[in-house]
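In our numbering, the protein residues as written are 30 to 672.
In this text, a Cβ means the ideal position worked out from N, Cα and C, and glycines have one as well.
Being a predicted model, the structure only gives us computed values, none of them experimental.
Encoded as structure tokens, the structure appears first; notes follow it.
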Ligand code: GCB
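Listed below in structure tokens is the structure:
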């Protein structure tokens with residue numbers, strides 16, 4: 030029921046980043062700028078001094094470049110493939126001029142450093158790939174006598190990584206023709222405008238940000254949810270900072286019925302008999318091919334306390350009611366044990382590189398459904414928003430990871446990197462926190478966490494993130510040994526990547542079970558109150574290569590490799606041993622083969638640890654994992670009461 034008291038929001042006193050997904054509503058238009066843009070390399074870095082942003086056309090030679098896509102694999106030109114430095118994109122667009130609207134130019138991501146000009150004027154700059162950035166371009170739109178006016182958008186993007194970027198990198202200039210970007214991570218540094226570009230409108234006074242979390246769920250004796258309390262906050266921004274507006278917050282079920290509402294900008298919603306969002310692939314939930322329950326949050330902004338004039342409406346259609354709790358040995362979702370069993374991935378595919386594509390997106394989720402895989406880590410950077418939307422829908426758990434991969438040298442743990450890391454964490458959590466599928470934040474992958482510098486660095490990262498974490502546990506993914514890591518003590522869970530039988534004990538599948546058992550026991554002994562997850566394990570496999578007995582790189586070896594790990598996992602699994610187990614999940618490396626730098630261990634420039642090829646066809650091990658996950662799905666789980 031609508032509350033009687035309507036709170037007036039005074040504008041102008043609230044500031045927040047606001048990375049709401051650009052959805053179309055009654056008050057918002059969204060225009061896609063995806064398509065073919067004019068593109069050229071800037072090999073001598075002269076574009077900015079020659080003011081290419083102010084020219085009617087980019088200087089020749091230009092080519093057509095699809096957006097979104099990484100530029101590297103679109104042509105047969107090796108110079109474009111391995112280009113390091115600036116590239117330029119340009120296109121014109123018609124923006125309808127409408128009084129009372131602001132137009133925002135939004136880049137879902139571009140890698141790495143971006144500068145954007147609109148009609149020759151600097152409109153927005155951003156540092157860092159994998160996360161959106163946007164700018165209000167209304168002031169740059171020319172006045173004309175027509176109802177619409179042409180807008181020229183020019184974008185320069187630079188993929189050079191440095192010791193203070195995330196991920197870090199180092200440019201080595203050996204001669205005028207020989208430059209290499211050292212990338213201390215194992216994936217190709219694809220670049221360009223690799224996610225969609227959108228132009229969207231809002232009213233001049235608008236809903237800037239929304240946060241919503243499940244605070245608590247009450248259950249009856251049969252563990253049926255009787256009520257849930259959600260906390261939310263709404264941020265309003267706009268041109269008229271002295272105006273008073275009011276806001277209506279409504280939660281709608283899948284039938285469109287309002288089940289809770291409020292008129293405070295920051296308050297709670299109480300939902301009776303809520304339908305819970307459930308992660309898929311557990312005995313008590315649903316298969317990963319079926320939908321989880323999602324509500325819609327509708328926020329309506331009215332002009333003032335008395336008028337019914339609507340200024341803005343925004344809807345989030347992926348609200349999941351669920352809680353997360355970690356005990357010393359279990360990962361609980363809705364107070365029931367959750368066991369991560371999926372596979373890690375990369376945003377990577379033929380021709381597109383890291384370019385977003387709905388075809389790849391849909392195939393991704395169809396294959397997780399086929400595999401009975403209920404989780405993935407967004408290794409090693411935040412993925413495109415659309416992955417989170419689909420994961421919410423199917424109940425697939427996400428461990429959201431920052432691009433802090435490759436922090437392997439002491440000088441990378443600098444104050445500059447720390448400041449940027451905090452900025453990235455803020456942007457990632459601001460963008461992704463309302464997705465119920467995000468169950469944990471991973472703040473780095475395989476840092477040099479045994480280096481003395483790592484201790485203070487990760488203490489600072491943990492302290493910074495904890496108040497922002499929106500109810501999720503925090504972690505980072507470890508390659509260091511149990512007795513050398515200095516940072517995980519500040520975090521909630523131990524996630525380890527281990528490659529026994531691949532990067533060590535070559536060909537010795539027989540050694541794997543004991544090594545895994547000892548490894549898990551050693552971490553448990555050091556951190557008896559933190560659950561443990563195997564966040565990577567895997568073996569490169571060339572599809573079609575066979576041998577019996579199995580040899581490294583064959584399909585048989587990959588099968589044997591996985592089977593050798595599983596008995597050791599099961600001995601300490603919290604799923605199989607609810608009272609003594611502490612091992613909460615397994616994520617093979619990798620779901621798909623993916624591109625990386627050329628080297629003697631990367632046949633064809635690919636990391637071939639995929640259960641599937643880069644073209645998304647299964648290798649033999651995919652059937653082993655599918656069979657295992659079907660078995661894991663059948664294990665019944667108990668309900669843990671909050672003490
Ligand atoms: C790892 C890294 C991952 C690599 C993988 C490998 O530990 O986290 O980025 O791709 O090993 O295959 O070497």
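Rounded separation between residue i and residue j - CA only
{"i": "residue 203", "j": "residue 111", "result": "16 Å"}
{"i": "residue 468", "j": "residue 87", "result": "45 Å"}
{"i": "residue 375", "j": "residue 621", "result": "8 Å"}
{"i": "residue 556", "j": "residue 369", "result": "20 Å"}
{"i": "residue 139", "j": "residue 255", "result": "45 Å"}
{"i": "residue 666", "j": "residue 314", "result": "10 Å"}
{"i": "residue 266", "j": "residue 51", "result": "16 Å"}
{"i": "residue 350", "j": "residue 179", "result": "44 Å"}
{"i": "residue 154", "j": "residue 438", "result": "28 Å"}
{"i": "residue 512", "j": "residue 498", "result": "28 Å"}
{"i": "residue 83", "j": "residue 149", "result": "4 Å"}
{"i": "residue 95", "j": "residue 223", "result": "9 Å"}
{"i": "residue 270", "j": "residue 598", "result": "In this prediction, residue 270 scores a pLDDT of 43, lower than 50, which makes its location untrustworthy; the coordinate-derived value is nonetheless stated afterwards. Each residue's alpha carbon lies about 58 Å from the other."}
{"i": "residue 524", "j": "residue 564", "result": "5 Å"}
{"i": "residue 518", "j": "residue 490", "result": "12 Å"}
{"i": "residue 295", "j": "residue 276", "result": "10 Å"}
{"i": "residue 39", "j": "residue 167", "result": "Note that residue 39 scores 36 on pLDDT, short of 50, meaning its location in the model is unreliable; the coordinates nonetheless yield the value given after this. Each residue's Cα considered, the two are about 24 Å apart."}
{"i": "residue 258", "j": "residue 625", "result": "46 Å"}
{"i": "residue 663", "j": "residue 649", "result": "23 Å"}
{"i": "residue 328", "j": "residue 131", "result": "19 Å"}
{"i": "residue 452", "j": "residue 434", "result": "15 Å"}
{"i": "residue 89", "j": "residue 410", "result": "34 Å"}
{"i": "residue 536", "j": "residue 585", "result": "12 Å"}
From the options, residue whose alpha carbon lies closest to that of residue i
{"i": "residue 611", "options": "619, 566, 584, 560", "result": "560"}
{"i": "residue 245", "options": "300, 239, 293", "result": "300"}
{"i": "residue 425", "options": "434, 400, 449", "result": "400"}
{"i": "residue 583", "options": "593, 591, 592, 572", "result": "572"}
{"i": "residue 591", "options": "530, 641, 552, 534", "result": "530"}
{"i": "residue 440", "options": "413, 412, 410, 481", "result": "481"}
{"i": "residue 487", "options": "461, 447, 453", "result": "447"}
{"i": "residue 427", "options": "268, 397, 385, 537", "result": "397"}
{"i": "residue 407", "options": "619, 541, 61, 539", "result": "619"}
{"i": "residue 382", "options": "626, 67, 217", "result": "217"}
{"i": "residue 643", "options": "378, 522, 239", "result": "378"}
{"i": "residue 655", "options": "536, 542, 310", "result": "310"}
{"i": "residue 510", "options": "526, 522, 503", "result": "526"}
{"i": "residue 274", "options": "59, 293, 550", "result": "293"}
{"i": "residue 627", "options": "120, 536, 90, 215", "result": "215"}
{"i": "residue 127", "options": "230, 194, 283", "result": "230"}
{"i": "residue 595", "options": "658, 552, 638", "result": "658"}
{"i": "residue 456", "options": "432, 474, 475", "result": "432"}
Classification of residue i by the beta-carbon crowding that lies within 10 angstroms, buried from 16 upward
{"i": "residue 75", "result": "exposed"}
{"i": "residue 129", "result": "exposed"}
{"i": "residue 34", "result": "Note that residue 34 has pLDDT 33, beneath the 50 cutoff, so the model's placement of it is unreliable and the number below is only indicative. With fewer than 16 Cβ atoms within 10 Å of its Cβ, residue 34 is classed as exposed."}
{"i": "residue 580", "result": "exposed"}
{"i": "residue 158", "result": "buried"}
{"i": "residue 444", "result": "exposed"}
{"i": "residue 73", "result": "exposed"}
{"i": "residue 237", "result": "buried"}
{"i": "residue 514", "result": "buried"}
{"i": "residue 57", "result": "buried"}
{"i": "residue 472", "result": "buried"}
{"i": "residue 617", "result": "buried"}
{"i": "residue 668", "result": "exposed"}
{"i": "residue 333", "result": "exposed"}
{"i": "residue 462", "result": "buried"}
{"i": "residue 558", "result": "exposed"}
{"i": "residue 320", "result": "exposed"}
{"i": "residue 337", "result": "exposed"}
{"i": "residue 65", "result": "exposed"}
{"i": "residue 104", "result": "exposed"}
Cβ separation of residue i and residue j, assumed to be a contact under 8 Å, to the nearest whole Å
{"i": "residue 70", "j": "residue 109", "result": "7 Å"}
{"i": "residue 191", "j": "residue 198", "result": "6 Å"}
{"i": "residue 636", "j": "residue 569", "result": "7 Å"}
{"i": "residue 465", "j": "residue 306", "result": "4 Å"}
{"i": "residue 134", "j": "residue 228", "result": "6 Å"}
{"i": "residue 604", "j": "residue 661", "result": "7 Å"}
{"i": "residue 210", "j": "residue 261", "result": "At roughly 43 Å, the Cβ-Cβ gap does not stay under 8 Å, so residue 210 and residue 261 are not in contact."}
{"i": "residue 221", "j": "residue 413", "result": "Not a contact, Cβ separation roughly 14 Å."}
{"i": "residue 566", "j": "residue 532", "result": "With a Cβ gap of about 11 Å, residue 566 and residue 532 do not count as contacting."}
Cβ-heavy atom distance, residue i to ligand 2, below 8 Å
{"i": "residue 626", "result": "This structure does not include ligand 2; its bound ligands are ligand 1."}
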